[in-house]
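If you're matching them up, the sequences are chains A and B in order. Mapping to my numbering: the first sequence position 191 is 191, numbers consecutive. Mapping to my numbering: the second sequence position 52 is 261, numbers consecutive. Beta carbons: idealized from backbone N, C-alpha and C, even for Gly. Accompanying notes for the structure given below.
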Amino acid sequence: MSAPRRLPIVATAFEEAADGERLGLLRRRLAARAAAEDLLDVAYRTIDSPVGELLLAATPTGLVRVAFASEGRDRVLAELAARVSPRLLEAPFQLEAITRQLEEYFARRRRAFDVPLDLRLAHGFRREVLRLLPGIRYGSTASYTEVASAVGSPRAVRAVGSACATNPVPIVLPCHRVVRSDGSLGGYGGGISVKRRLLALEAGSTAEP
Amino acid sequence: MSNPPFQSVVEQHGHVLLRTCRALVGRDDAEDLWSETFLAALAAYPRLRPDSNIRAWLLTIARHKAIDRSRTSGRAALAMDPLPEQTSTLGLPGEQDDELRSALDALSARQRGAVVYHYLADLPYAQVAQLIGSTEAAARRAAADGIASLRSALGEEVG
Numbered sequence: 001m002s003a004p005r006r007l008p009i010v011a012t013a014f015e016e017a018a019d020g021e022r023l024g025l026l027r028r029r030l031a032a033r034a035a036a037e038d039l040l041d042v043a044y045r046t047i048d049s050p051v052g053e054l055l056l057a058a059t060p061t062g063l064v065r066v067a068f069a070s071e072g073r074d075r076v077l078a079e080l081a082a083r084v085s086p087r088l089l090e091a092p093f094q095l096e097a098i099t100r101q102l103e104e105y106f107a108r109r110r111r112a113f114d115v116p117l118d119l120r121l122a123h124g125f126r127r128e129v130l131r132l133l134p135g136i137r138y139g140s141t142a143s144y145t146e147v148a149s150a151v152g153s154p155r156a157v158r159a160v161g162s163a164c165a166t167n168p169v170p171i172v173l174p175c176h177r178v179v180r181s182d183g184s185l186g187g188y189g190g191g192i193s194v195k196r197r198l199l200a201l202e203a204g205s206t207a208e209p
Numbered sequence: 210m211s212n213p214p215f216q217s218v219v220e221q222h223g224h225v226l227l228r229t230c231r232a233l234v235g236r237d238d239a240e241d242l243w244s245e246t247f248l249a250a251l252a253a254y255p256r257l258r259p260d261s262n263i264r265a266w267l268l269t270i271a272r273h274k275a276i277d278r279s280r281t282s283g284r285a286a287l288a289m290d291p292l293p294e295q296t297s298t299l300g301l302p303g304e305q306d307d308e309l310r311s312a313l314d315a316l317s318a319r320q321r322g323a324v325v326y327h328y329l330a331d332l333p334y335a336q337v338a339q340l341i342g343s344t345e346a347a348a349r350r351a352a353a354d355g356i357a358s359l360r361s362a363l364g365e366e367v368g
């Protein structure tokens, strides 16, 4: 329409100084009630980590998405709204277990994750590949070729690469442990520096750029 | 095109909805109305057509919830009025702005609706008209008349 007009006193008279705080509280209460009444299809939160801010999202089934800051918060949320459900709210209390486990992982006090997963964002062959990833031991790597053989399609090396690149729950399903046969790192959804950093963390190295 | 994540609906419209709820049911009940409105909206959200005016939709829900409230919990305050539909959906005066609230209460239902939905909820007149059940031109006129009445009741600072 037109340029934003001056809000008349009629509007400001119904605003209060603490509205910012009240709205934060109301939003948290709304998320809690939505979860209690089974109206919350996707809960998300963001956490800080040594590899930058991570967005974590869960459905009532389990963890559905881990996203790096480089993927863009708004883009990731829009994708979740479109592909899972638009009933999506920030609800950190729904993600406490995975938050704690990630903290332990980054503190090198945890080697494997134990939370329910919702792999609805991965299909068919890609999902089969993802299911194999936890079998690659913490601190070690496997080549794309080895993973292809393990999944029973030794020639599907590129498809294994795609499965890793589109892994909806990186770190938790450790696609960072899949590297090229020649020992070079290959790609990573969160950027190659994140992959290098995760492998160094698992190797116990503290020499970190 | 699908609807945006509900989180962004709350972030975008929560503030306006809170001040509108205060005008609809008074400040004591406003936060409950805010919560009920967003919870009901969340339940219905997957069925909302993607090209809808989301704020107008939220206010339609809030208006219905406010009317429900005035019929039940607000009964004591409104019991003297024989025509519930025409009683004020504005609530009891809060600690502040008593003058403004009573001036708003003194408007006709149509003027009050037009002022609240246009000036507080920041809706265009086409949507205001749908909410108060009138034409766009009539909504525009009702809002102008309402503001004029408030001005003469309270002084020039209004509007």
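| Asked | Found |
| --- | --- |
| Hey, does A/ALA13 have any beta-carbon neighbour from chain B nearer than 8 Å? | yes |
| Name the residues in the stretch 76-94 of chain A whose C-beta lies less than 8 Å from a C-beta of chain B; which are they? | LEU77, ALA78, LEU80, ALA81, ALA82, SER85, PRO86, ARG87, LEU88, LEU89 and GLU90 |
| Please identify, using Cβ separations under 8 Å, the residues of the stretch 20-33 of chain A that lie next to chain B, in order along the chain. | ARG22, LEU23, LEU26, ARG27, ARG29, LEU30 and ARG33 |
| From the beta carbon of B/TYR254, is the nearest beta carbon of chain A less than 8 Å away? | yes |
| Rounding to the nearest angstrom, what Cα-Cα distance links B/SER361 and B/SER317 in this structure? | 15 Å |
| CA-CA distance, A/ALA31 and A/LEU199? | 36 Å |
| Tell me which residues share the same chain as A/ARG197 and place their Cβ nearer than 6 Å to its Cβ, disregarding the 5 neighbours each side in the sequence. | VAL51 |
| Are there 16 or more other CB atoms within 10 angstroms of the CB of B/ASP260, so buried, or fewer, so exposed? | exposed |
| Helix, strand or coil for A/PHE68, going by three-state DSSP, please let me know. | strand |
| Assuming the contact rule is C-beta atoms closer than 8 Å, A/ARG83 and A/LEU121 should be a hit. Round their C-beta distance to whole Å, please. | 6 Å |
| For A/GLU146 and B/SER244, I'd like the C-alpha separation in whole angstroms. | 53 Å |
| Given this structure, state the Cα-to-Cα distance separating A/SER143 from B/GLN216, to the nearest angstrom. | 40 Å |
| By Cβ distance, which residues of its chain are closer than 7 Å to B/ARG228, with the 5 residues on each side in sequence left out? | LEU329 |
| Between A/VAL10 and B/GLY342, what straight-line distance do the alpha-carbon atoms span, to the nearest angstrom? | 22 Å |
| Which residues does DSSP pair with A/ALA78 in a beta bridge? | Paired residues: none, contrary to the question. |
| What residues in the stretch 124-158 of chain A have a beta carbon less than 8 Å from any beta carbon of chain B? | none |
| For B/HIS224, decide whether its Cβ has a neighbour in chain A, counting only Cβ atoms nearer than 8 Å. | yes |
| With distance defined between alpha-carbon atoms, name the residue in A/ASP19, A/LEU56 and A/LEU39 nearest to A/THR46. | A/LEU56 |
| Evaluate A/ASP38 with the Cβ neighbour count: other Cβ atoms within 10 Å of its Cβ, from every protein chain shown; 16 or more gives buried, anything less gives exposed. | exposed |
| Does the beta carbon of B/VAL337 come closer than 8 Å to any beta carbon on chain A? | no |
| Closer than 7 Å between beta carbons: that is the criterion. Which residues of the stretch 219-246 of chain B meet it against chain A? | VAL219, GLY223, HIS224, LEU227, ARG228, ARG231, ALA232, GLU240, TRP243 and SER244 |
| Need the endpoints of the alpha helix (DSSP H) that B/ARG272 sits in, please. | 263-280 |
| Measure from the C-beta of A/VAL66 to each C-beta in chain B and report whether the shortest distance is under 8 Å. | no |
| Given a limit of 9 Å on CB to CB distance, which residues of the stretch 37-66 of chain A reach chain B? | GLU37, LEU39, LEU40, ASP41, VAL42 and TYR44 |
| Can you tell me which of A/GLY191, A/TYR105 and A/ASN167 puts its alpha carbon nearest to the alpha carbon of A/LEU132? | A/ASN167 |
| Give the straight-line distance between the Cα atoms of B/ALA338 and A/ASP48, rounded to the nearest whole angstrom. | 47 Å |
| Which chain A residues sit within Cβ distance under 7 Å of B/LEU251? | ALA34, LEU39 and ARG87 |
| Less than 7 Å between C-beta atoms, sequence neighbours within five positions excluded: which residues of the same chain meet that for A/LEU95? | ALA43, ARG45, LEU56 and ALA58 |
| Please confirm if B/SER317 has its CB atom under 8 Å from at least one CB of chain E. | The chain labelled as chain E is not found among the protein chains of the depicted structure, namely A and B. |
| Let me see if you follow: with CB-CB separation under 8 Å, is B/ASN262 close to chain A or not? | no |
| Based on Cα-Cα distance, which residue from A/ALA67, A/PRO60, A/LEU63 and A/GLY62 lies nearest to A/LEU54? | A/ALA67 |
| Take A/LEU130 and list the residues in its own chain whose beta-carbon comes closer than 7 Å to its own, dropping the five residues that flank it on each side. | LEU119, ALA122, ALA163, ASN167 and LEU173 |
| Look up A/GLU15 in the DSSP assignment and say whether it is helix, strand or coil. | coil |
| With a CB to CB cut of under 8 Å and the five nearest residues on each side skipped, what residues in its chain are close to B/THR344? | ALA338 |
| In whole angstroms, give me the CA-to-CA distance for B/GLY223 and B/ARG236. | 15 Å |
| Ignoring anything shorter than 4 residues, give me the alpha helix (DSSP H) runs that lie fully in the stretch 134-168 of chain A, in order along the chain. | 144-150 and 157-165 |
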